[in-house]
């Protein structure tokens, strides 16, 4: 039996919407579904806060600036930078436009 192809993330979902829909709370921890790999990651509330700040920066078109700010503040918490880049992948020029 052939493996079914993985579905792509919805074409018009923002990073914040992704977090709301695909990062549920389970026993006080958050379960984040990576939109690129489809792997899940168990995250603390603090890690989710960082990803929410990342989502805001992405939606405002400030992701590059946010990356610099994070480095200046001491760098990313363990394993969060790849998840931030995954959230950034939700932005497509023909799908989601940052708020003006």
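Numbering (the working numbering), first residue to last: 12 to 111.
Cβ coordinates follow ideal geometry from the N, Cα and C atoms, glycine included.
Keep in mind it's a predicted model, so treat the numbers as computed, not measured.
| query | result |
| --- | --- |
| Any chance the segment 35-52 sits against the segment 67-83, with 3 or more Cβ pairs inside 8 angstroms? | no |
| Looking only at DSSP bridge pairs, what is residue 43 linked to? | 52 |
| In chain order, what residues of the same chain have a beta carbon less than 7 angstroms from the beta carbon of residue 58, not counting five sequence neighbours either side? | 88 and 91 |
| Is the CB-CB distance between residue 62 and residue 94 below 8 angstroms? | yes |
| Suppose contacts are defined by Cβ-Cβ distances below 8 angstroms. Is residue 25 in contact with residue 78 by that definition? | no |
| What's the gap between the Cα of residue 27 and the Cα of residue 66? | 6 angstroms |
| Please list, in chain order, all residues of the same chain as residue 111 whose beta carbon is under 7 angstroms from its beta carbon, the five residues on each side excluded. | Residue placement at residue 111 is flagged as unreliable, the pLDDT there being 44, under the threshold of 50; the coordinate-derived value follows with that caveat. Cβ within range, chain order: n/a, list empty. |
| Which of the three DSSP states is assigned to residue 62 in this structure? | helix |
| What residue range does the alpha helix (DSSP H) around residue 76 cover? | 74-83 |
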